[in-house]
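Down below is the structure, laid out as structure tokens.
There are 2 protein chains.
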Amino acid sequence: MLLRGRPRALGAGALLLLLIGFFLFGGYPEYGLRRATVLDGGPPAGLNHSACAPQPPLPPKCELLHVAIVCAGHNSSREAVTLVKSLLFYRKNPLHLHLVTDAVARNILETLFRTWMVPAVVVSFYDAEKLKPLISWIPNKHYSGLYGLMKLVLPGVLPPSLAQAIILDTDVTFASDIAELWAFFAHFSDKQVIGLVENQSNWYLGNIWKNHRPWPALGRGFNTGVILLRLDRLRQAGWEQMWKRTAKRELLALPATSLADQDIFNAVIKEHPDLVQPLPCVWNVQLSEHTLAERCYLEAADLKVIHWNSPKKLRVKNKHAAFFRNLYLTFLGYDGKLLRRDLIGCPSQLPPGAEQLQQALAQLDEEDPCFEFRRQQLTVHRVHITFLPHQPLPPHPHDVTLVAQLSMDRLQMLEALCRHWPGPMSLALYLTDAEAQQFLRFVEASPVLSARQNVAYHVVYREGAFYPVNQLRNVALAQALTPYVFLSDIDFLPAYSLYDYLRVSIEQLGLGGGRKTALVVPAFETLHYRFSFPSSKAELLALLDAGSLYTFRYHEWPRGHAPTDYARWREAQKPYQVQWAADYEPYVVVARDCPRYDSRFVGFGWNKVAHIVELDAQGYEFLVLPEAFAIHLPHAPSLDISRFRSSFTYRDCLQTLKEEFHQDLSRRYGAAALKYLTALRQPQGPA
Amino acid sequence: MLLRGRPRALGAGALLLLLIGFFLFGGYPEYGLRRATVLDGGPPAGLNHSACAPQPPLPPKCELLHVAIVCAGHNSSREAVTLVKSLLFYRKNPLHLHLVTDAVARNILETLFRTWMVPAVVVSFYDAEKLKPLISWIPNKHYSGLYGLMKLVLPGVLPPSLAQAIILDTDVTFASDIAELWAFFAHFSDKQVIGLVENQSNWYLGNIWKNHRPWPALGRGFNTGVILLRLDRLRQAGWEQMWKRTAKRELLALPATSLADQDIFNAVIKEHPDLVQPLPCVWNVQLSEHTLAERCYLEAADLKVIHWNSPKKLRVKNKHAAFFRNLYLTFLGYDGKLLRRDLIGCPSQLPPGAEQLQQALAQLDEEDPCFEFRRQQLTVHRVHITFLPHQPLPPHPHDVTLVAQLSMDRLQMLEALCRHWPGPMSLALYLTDAEAQQFLRFVEASPVLSARQNVAYHVVYREGAFYPVNQLRNVALAQALTPYVFLSDIDFLPAYSLYDYLRVSIEQLGLGGGRKTALVVPAFETLHYRFSFPSSKAELLALLDAGSLYTFRYHEWPRGHAPTDYARWREAQKPYQVQWAADYEPYVVVARDCPRYDSRFVGFGWNKVAHIVELDAQGYEFLVLPEAFAIHLPHAPSLDISRFRSSFTYRDCLQTLKEEFHQDLSRRYGAAALKYLTALRQPQGPA
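Those protein sequence lines, which keep their order, are chains C and S.
Start counting at 1 in the first sequence, then tack on 641, and there's your number in this note's numbering.
Start counting at 1 in the second sequence, then tack on 641, and there's your number in this note's numbering.
What follows is the structure, encoded as structure tokens:
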């Protein structure tokens, strides 16, 4: 869906005023652009004619602006999100983001934008893999790898109808409205095709160290972190032949590009200086090492785009480093849901699904005592899958992923869980944007967690009053990559042997091939805070007999696990089948294509029970594994369980939701679902 | 310290440009101000001459802008902070805040600004109590009470040298640079003294309901949430007499003011329409009920100041309510420390203490393995004392305040603690700005917590890598209002009787009057997560014998409490004295003027031990109370303790800090401190 801008003529008065200002005051207009377009007293040779132009008028209101970003891998995807947040914070125009991505970044960003639902933002993806052959012949030493070079081929990749676009590196942060930058297109002469900011280091002067041989450039050359491209003219001018010719010629004498695309852009510009429109340096304040950026801006109002182009990133030293860092941190921790806002005064441009969502929300009755439950159920949380690098092994036919969800207060469980479960995990984390950064630092500081490649962390951003437990489970479940999943909870530690044992059991039992089976992992609990984990079933039984362990929820809710039949499990040598009974909520291993959790259950209560009912209704058999076990560790009560215990409304609403769930069951499974309703209406004494 | 702005002449070119624009295009200039200055097609009678004036030029760079705010009580103080954050986010000029406060708000805001240390912000306080007699004769029905009316007397209250100021209600949020608003002063005619935005409701039209008799006003009248005051001219024109005369005359016919100062401002303006400079309505977008604000703005760029002047506040309905709410939420959750930034291009204006702090930080050696510890110790955290309403009882000579600190992961302890300790508490909470809002909702949702008037919550904002445990304790300790304090930890539940017992013991033992005594409350722990709290010492001893309870840290660190002599405590009928020994860290009750905690100890380790050493060095006697006890509940290990256990550097640094602490002790207490050093060097076997 490509949105079209609706250009609106600027008032004639405004235009005239601007022209008068331009002619009267030439290079020194009243605002916006200082004389500091270039770093030294005078502009570099050949660049003097437009360096001091006035700030051009803003593009017409509601005009669609196009932005292209090359993004590959987990870390760049995180960076890109922070860039996009800063863009959205200041923008007042509809945006079309053109994202050139590898498979990882596409997966992440597609999910993110689908769930972010920002009005007046359209996103298109382009496959970076397909572009590799176009540039892989260029030897390159820059850390951006091949991806940096892809900026060269954008005129051929972006839609032919697209006349102009702004190209951004993922490590820039906006401090102003991108429409102000877009406005410089109006200022290009007929020959100009590329808008760039001068480099703010002496790299291209070739005097940084001995034997430093940079690529040719005009003076300090230009930085390609922020580029304005007239795509139409580049295509007409045969850009592809132009840069290839230049690159090939230079590569006869130089071994490789050092700064990827930037070297080639500069070499072309050196040859054809009339192609470039130099932009005011505030549009790409470069915080590289030995940066000269301080010469560029006179005051905070001048700063438009900050470019973290040092390998040290935020730790770079600069007189105003704190100022820049605070700007970056503002968007790093900014609650992305606050950017889901319509553009005031432009035609409403809702993303897919947003209109139905708004209608559904509008139909909710605010007086309904369960209003908050229903709203939580409808909430579409922003989701950032594989927030951290993740390199799963190729899938194995009997492999199992542990699936669980958590929030900040359970982070301490992760290390123990990693020690107990060497296999793949898919974990949904319910966090604010700021907490996601704390989580990132937590993992980086933990040798145990940083060493793991097969744990995928999916951040689901917080929104609403209740913990959306089943939505979280569904996110983690959907991201599991193995044929089987162990649907666990974060407070359980599996037996050390469980991962191996499950894979063997799956193979031996001949699961798969249409057989619907749920393998039950019997659940125990310790009320003791310090606790030595049993290394075998025999040890576990001894602890059980000694009263150090209990079967899970033995004291408050035995019905939840009674059908597992712990007495039989004690003696069992091989898997045995058990029957569903009301309120059964075992921890199970199932094929990945199992039913999803019912998202109407939020907060505490009935969230797992409903899923087990669904499995039973779909004809899953429950097989208890004789050597499998997991143990629940004690923790402080969650805020949701406290609410459940203290609130009548909470309990009443849960009852209402249960009834609605059963009505839905009847609708879907007909008479077969009757047994669940009957079971529900039986008095719930101890099992 | 009153900062002086350094007006700088605007470039003549800029000025000329502006004038040309003004004369050529009259009321329809190019930018900033739309024709929507007023709500209807035509401006109200008498107001038409300047309603469509162009956006005036910005004030000179680095000019000091003056803002006055009336603020009283805990809730308004929280509101004021959000307003100030939005101001600071967009401002580029130095600011002088003139805060008219009651004692509560002064206490809160003085601490906040002292610890916030924002460069180029000066804060002056004015005592609202002294102003009450000036306006208490006016009958008033508005929810702002007398404080709203105080805006009338500001010309006489603010310094006589102050020529102009912007007056703001605490419920406004800025969406733009306040300098743009200040710029309208340049636009006042010689007679104009008050800049105001028209009301965006029909209140003053008198047709809202039957028998509604509003005060006189021009048309819809003006809203006083945002006021530009020419203080100099108001003083010259005899403002005080003017408004009093009008008010008294109107009060002959009207029973009271309904909208406080606003009624009187409007009545004066109705009489003297030439006093007012109408401001574009975007500078006070009013979200009252039945608001007409939507007629005011055409696009987001127009919005300058949002005014939440509905009693429903954020729940108000409006076409763009989500947009406004997101703006407000942005600043509500904004990390205030990011606003601690110098104004680029203005002379550095550091707040008191900031320069020494910067020097101390600059002297730290980044290569020092303990760098992060030392930096944490130097960090000045923003502190918002009594974040929630707090109404302590008048102090009683033997009263005791429970002092503790916590972060989000211990919120669940608060209800239990309130049940165990009916007396006053002073709690420091280590939170982000966003978490502080979550905490607020948590308390509001808890009947137990909302009912308590004598629990003071002090928010210390998060900054740095370590939990600043001793800084937190010092904040809570400094805010205790009773003569005695019980220095506890958040994971301990005191015996139900402890509060009463302590007060009786303090009285019976004749504490106070120079006797330096620390009453020891013996500490126990349960490793069981579910646990029935003993109602007496006898019950506690039975649980101890049954192995359900232990003396605190019996398993890992018996030295910490061994000197309490639990064997003797079993039998004790009256208080007994014990001697300090190495690593002793009992929970004690002391007079409020006890030594502060040593803030060099951050994170886990030695933070309480050092305080007890200090008590001993100052000659405190330790008296164990025979009927007192507190029990530690189990919880997941804190992130800091995990770090301590896993990191050599952490333990090495703690050792270094301990040695430095002992050197300081020797310096202060001479030979008497030798015993602590000797004790430290003894091998640390089990006690």
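Cβ coordinates follow ideal geometry from the N, Cα and C atoms, glycine included.
Taking the Cβ atom as the reference point for each residue, do residue i and residue j lie within a distance shorter than 7 Å?
| i | j | result |
| --- | --- | --- |
| S/R981 | S/M758 | yes |
| C/A908 | C/T887 | yes |
| S/Y1225 | S/P1199 | no |
| C/A1159 | C/R1233 | no |
| C/P1267 | C/V1161 | no |
| S/G977 | S/R936 | no |
| C/L793 | C/W850 | no |
| C/V745 | C/G789 | no |
| C/L1298 | C/R1237 | no |
| S/V1219 | S/V1250 | no |
| S/A816 | S/K945 | yes |
| C/Q841 | C/Q927 | yes |
| S/L1190 | S/G1246 | no |
| C/A804 | C/L872 | yes |
| S/V834 | S/R876 | no |
| S/P1036 | S/T1290 | no |
Say whether chain S places a C-beta atom closer than 7 Å to the C-beta of residue i.
| i | result |
| --- | --- |
| C/N925 | no |
| C/I1272 | no |
| C/L705 | no |
| C/R1144 | no |
| C/D1257 | no |
| C/D1050 | yes |
| C/A1313 | no |
Please check the pair residue i and residue j, which I expect to be a contact at CB under 8 Å, by giving their CB distance rounded to whole angstroms.
| i | j | result |
| --- | --- | --- |
| C/V1096 | C/L1068 | 7 Å |
| C/P1065 | C/T1123 | 6 Å |
| C/G866 | C/D902 | Their Cβ separation, rounded to whole angstroms, is 10 Å, which puts C/G866 and C/D902 out of contact at 8 Å. |
| C/H783 | C/T971 | That belief does not hold up - the Cβ atoms of C/H783 and C/T971 are roughly 29 Å apart, past 8 Å. |
| S/F1012 | S/D1006 | 7 Å |
Contact criterion: CB-CB distance below 7 Å. Does residue i meet it with respect to chain C?
| i | result |
| --- | --- |
| S/N629 | Summary: the structure shown does not reach residue 629 of chain S, with chain S confined to residues 642 through 1328, and so no result is reported for it. |
| S/T811 | no |
| S/P1275 | yes |
| S/F964 | yes |
| S/I819 | no |
| S/N689 | The pLDDT assigned to S/N689 is 28, lower than 50, so where the model puts this residue is not dependable; a value taken from the coordinates is nonetheless given after this. It does not: the Cβ of S/N689 has no partner Cβ on chain C nearer than 7 Å. |
| S/L1068 | no |
Find the residues of chain C that neighbour residue i, judging by a C-beta separation of less than 8 Å, and give them in chain order.
| i | result |
| --- | --- |
| S/L1168 | H1169, Y1170, R1171 |
Residue i versus chain C: which residues are under 7 Å apart at the beta carbon?
| i | result |
| --- | --- |
| S/G974 | D976 |
| S/D1006 | Near S/D1006 there are no residues of chain C at all, since even the closest Cβ is about 15 Å away, more than 7 Å. |
Taking Cβ-Cβ distances shorter than 7 Å, what residues in chain S pair up with residue i?
| i | result |
| --- | --- |
| C/T1073 | A1075 |
| C/T971 | L979 |
Name the chain S residues whose beta carbon is nearer than 9 Å to that of residue i?
| i | result |
| --- | --- |
| C/H961 | R982, D983, I985 |
Please give me, in chain order, every unbroken run of the beta strand (DSSP E) with length at least 3 that falls completely inside the region 814–872 of chain S. 835–839, 863–871
Note down, one range per segment and in chain order, each alpha helix (DSSP H) of at least 4 residues found wholly within the region 865–915 of chain S. 872–877, 880–894, 902–912
Fully enclosed by the region 1131–1182 of chain S, which beta strand (DSSP E) runs are 3 residues long or longer? 1133–1135, 1158–1162, 1164–1166
Alpha helix (DSSP H) runs contained entirely in the region 1235–1275 of chain C, provided each spans 4 or more residues: 1248–1258
Segments assigned beta strand (DSSP E), at least 3 residues, entirely inside the region 1006–1053 of chain S: 1041–1048
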